[in-house]
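Comments concern the structure below.
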Amino acid sequence: MTGCPVHFDPLSPEQLADPYPLYAQLRSEAPVFYDKAHDLWIVTRYDDLLTVVRDTETFSSKNAVRASVRPLPQPVLDVLAAGWALTPTLTDSDGDVHKRLRLLVGKAFTPRRVAEMEGRIRKTVDALIDEFADDGRADIIEKLAWSLPMFALTDILNVPREDVPMLHHWSVSWLRIMQATDGVEDLIGCAKDVVTIQRYFMDALEARAYLAGHDFMSSLLHARVPDGEPITLEEAMRVVVNLIIAGHVTVTRSIGNGLTTLLAHPDQLQAVRRDPALVPSMVEEILRYESPAQGLFRTVRKDTVLNGVRIPAGAHLMVHWASANRDENVFDNPGAFDVTRDSVMAHVAFGKGIHACLGAPLARLQLQIVLPRLLERLPNLRLVPGAAVRDTIFFARGFKKLEIEWDVDAPIHHH
């Protein structure tokens, strides 16, 4: 290793382009690293990360999606006060609160419900591709990558598909409130959107409280766990907002990450084309190789020692999934993209422990359908040089814009 001082700045152009050499340096030289600029402890090794996620007594999930724990400016808090509390959600709760929520959500978000979505997701993918297939060029993020997971979620929630652009916009505002790096005026606008999305789903849930439907929200309101209280409207609203936000941005990013990674590794792309049975392991490898959520956060409840490093009570800590997914002690040749790698049980792109992502089966299903279909229907697919813009979210990796082109005159094979 170079022994250079470590400069952790996920939004710098170099680290946006390729953060992995820095992660390797951290794992080797400072696996539990204190970053003064962000007042953040960064945990980069796989084993240390498992220690953190398993010890929920010491490492609380409070503020799990907040890159900064500085209080929001007062004018922003004033706007948010018109809505409901942002927490607790599944992602940032602990102990019995988390356990009860997770059991209730699990009763509504069943494997069967996800499996039943397959036909609809296939139709949606084809309908979205139909809209641009003859153009020969498209921004795949705008034309498909964010609308596909949003449609999957609105179908599960049984809310109108025409509300998708609005829901997407509000979700981005919610993330910006969590990142809190914008100016006060912008954050006030974001806060208004956060209250609006809360109201939107409170209204939807209130309507379902009187009518027993079969969609996810109705199932959630009517779910019961032994000796536990049913979910309240406010809790259900937070679950649904959490689902909409966490459930689409990650899939959006993985579609872009998947295409760029496959196109950068033509031999791996050919391997999957020759043997479609590799699609599931290809999806897992994309998630491991370019984790859409680079990390989430924990709050340290009491003075503790991790890998020989003392961490004080009250510290804000980042569990770095993306670094752990490249850990040399867990994965052979982790910097290689290998579609035959069997990492489904090992990689941490969906987290690990009691907070492992409940929506993982739905995300996997979408990625297993959409990536092969794009490659099948858009012949000689390639990136437009210089026309990709990376996302600038501190703890995520993906594209805001990704221009692709393909040959239009080639015969199109329909099944």
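All letters in the sequence shown, in the order written, are residues 117 to 531 by this note's numbering.
Heads up, the beta-carbon is just placed ideally off N, CA and C, and yes, glycines get one too.
Distance from the CA of E400 to the CA of T174, rounded to the nearest whole angstrom, comes to 30 Å. Ranked by how close their Cα comes to the Cα of R143, the residues R442, I509, G467, A462 have R442 in first place.
Bridge pairing for I237: absent [DSSP]. Rounded to the nearest angstrom, the Cβ distance from F510 to Q295 is 6 Å, consistent with a contact under 8 Å. By the criterion of at least three beta-carbon pairs nearer than 8 Å, the region 405-412 is in contact with the region 423-439. Looking at the backbone, the Cα of K152 and that of I158 are separated by about 11 Å. Contact annotation, I313 with W286: C-beta distance approximately 4 Å; criterion of less than 8 Å satisfied. Per the DSSP secondary-structure output, W157 pairs in a beta bridge with Y150, L433. For secondary structure counted as the alpha helix (DSSP H) over 4 or more consecutive residues, the region 357-445 holds these complete runs in sequence order: 382-390, 395-405, 437-440. The Cβ atoms of L379 and L491 lie no closer than 7 Å to each other. Here the alpha carbons of G469 and L273 stand approximately 26 Å from one another. Of all C-beta pairs linking the region 453-466 to the region 342-359, fewer than three are shorter than 8 Å, placing the two stretches out of contact. Taking R390 as reference, the option from T456, K178, A479 with the minimal CA-CA separation is T456. Contact between I237 and A268 holds: their C-beta atoms lie close to 6 Å from each other, under 8 Å. Nearest Cα to Y405 within the set S370, R417, N358, P392: S370. Non-local C-beta neighbours of A362 in its own chain, meaning closer than 8 Å and more than five positions away in sequence, comprise T207, C473, G475, ordered along the chain. Taking the CA atoms as reference points, Q482 sits about 11 Å from A231. For L499, the enclosing beta strand (DSSP E) covers residues 498-506. Contact check between the region 193-209 and the region 308-328: three or more CB pairs, one atom from each, fall below 8 Å, which counts as touching. Spatial neighbours of G344 in its own chain (CB-CB distance under 6 Å, excluding positions within 5 residues in sequence) are listed in chain order as R216. Shortest Cα-Cα distance from V416 to any of K178, A133, D164 involves K178.
A straight-line Cα-Cα distance of about 10 Å links G299 and P189. According to the DSSP assignment, D255 belongs to no alpha helix (DSSP H) but to the beta strand (DSSP E) extending over 253-255. Within the model, the alpha-carbon separation for V275 versus D419 is close to 46 Å. DSSP places F515 in the uninterrupted beta strand (DSSP E) bounded by 515-521.
With respect to the 7 Å criterion, M318 and R324 are not classified as neighbours on the basis of their beta carbons.
At a cut-off of 3 residues, not a single continuous stretch assigned as beta strand (DSSP E) sits fully inside the region 271-297.
In the structure shown, A249 falls within a coil segment according to DSSP collapsed to helix, strand and coil.
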